[in-house]
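For the sequence shown, the residue numbers in the working numbering are -9 to 219.
The structure appears below as structure tokens.
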Amino acid sequence: MMSQSKIMKMIMLVIIACVLLVTLVVWKKPHWVSHDHSDQSVLPKPVSINTAGQPTMGSAKAPLKIVSFEDFKCTNCRFFDLQLLPWLVEEYIKPGKANYTAITVSFLPDSMQAAIAARCVYQQHPQQFFVFSDLLFHKQGDEMRNWANTAKLMEWSSEIPDLDHDAFSACLLSADMSNQIIDNTQYAMDVMGGELSTPAVYINGVLVRPLSKQHIKEVIQSLKHQEVL
């Protein structure tokens, strides 16, 4: 026959096991957006993102503020820009529902020069930034190769209308431009809590992950439920 102390010990072990099980279930639940049958979707607390001085398209009055942090050598960034961004433009940006800001970072090997080049285009013709950005993602090579070298960037810049190529060439060597990209990269890490992952796309400060049309729609719908829009 078991003693009372052994019975109490077994009860305590069962309680601890139940607590651990509940904790594990809660921990594994996706934190970025949740749903229930009452249709009251809950979003996490949004982060504040300063987009001043960054390339932006769309109406400043649009209720949706979409921000991306991207590296030009990032293959997933290429997918976002070539597959999802055109859909966002047609579905949300052109109708005035959203604006979009791209914050260029550099943490992958040899991506700094491409980031500087895009910034140099932005300096001369702000709205041409997105034309050049799209061009770079179309030209993207292997992540481990230096495909965005100065010679190639000069060649590709000739496809941008009304660009002063002498000024562009001088800009590629500008320490100020490289410092802007370094600042962007550090800022991205601050926003992401010390880590850096690209592409990181936020809608009104809410991180969309995994990044897909469906999850973008879910976040927007959740913002509507919370009467943020």
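Built from N, CA and C at the ideal position, the CB exists for glycine as well.
For clarity, every value in this text was computed on a predicted model and none was experimentally measured.
Given that a residue counts as buried once 16 or more other Cβ atoms are within 10 Å of its Cβ, and exposed if not, what is residue i?
i    : result
K203 : exposed
L176 : Note on residue identity: the sequence assigns Gln, not Leu, to residue 176. The residue is exposed, with fewer than 16 neighbouring Cβ atoms inside 10 Å.
L163 : exposed
D71  : buried
R135 : exposed
Q103 : buried
S148 : exposed
K35  : exposed
A50  : exposed
D61  : buried
A157 : exposed
A178 : buried
N40  : exposed
A92  : buried
Roughly how far, in whole angstroms, is the beta-carbon of residue i from the beta-carbon of residue j, given that I think they are within contact range, below 8 Å?
i    : j    : result
I150 : Q118 : 5 Å
N66  : P189 : 6 Å
A105 : L54  : Between L54 and A105 the Cβ distance is about 26 Å, and since that is not below 8 Å, they are no contact.
Taking the alpha-carbon positions, what's the residue i to residue j distance?
i    : j    : result
A52  : V111 : 25 Å
S212 : L33  : 7 Å
P281 : P99  : For residue 281 there is no data in the structure shown, the boundaries of the chain being -9 and 219.
D29  : V37  : At D29 the pLDDT is 40, less than 50, meaning the model places this residue with poor confidence and gives no usable figure here.
G183 : I206 : 22 Å
M167 : L74  : 28 Å
N139 : H215 : 47 Å
W146 : H155 : 11 Å
D132 : A107 : 19 Å
M144 : D173 : 24 Å
H128 : P45  : 19 Å
V249 : S101 : This structure cannot settle anything about residue 249, because the visible part of the chain is limited to -9 through 219.
Y82  : V198 : 16 Å
V181 : V191 : 12 Å
S123 : V79  : 15 Å
A141 : G195 : 38 Å
F59  : L125 : 17 Å
S159 : G43  : 22 Å
Tell me, which residues are paired with residue i by DSSP?
i    : result
M47  : Y90
K207 : Per DSSP, none; premise fails for K207.
I193 : I56, V196
Among the options, which has the Cα closest to the Cα of residue i?
i    : options                : result
C64  : L186, E80, V209        : L186
V121 : A42, V57, P76          : P76
T94  : L153, N169, L201, V198 : N169
C161 : T46, R109, L78, T41    : R109
H115 : M47, G195, T41, A165   : M47
S96  : S159, F69, I171        : I171
I193 : Y90, S159, G43, A141   : Y90
R68  : G43, A42, Q130         : Q130
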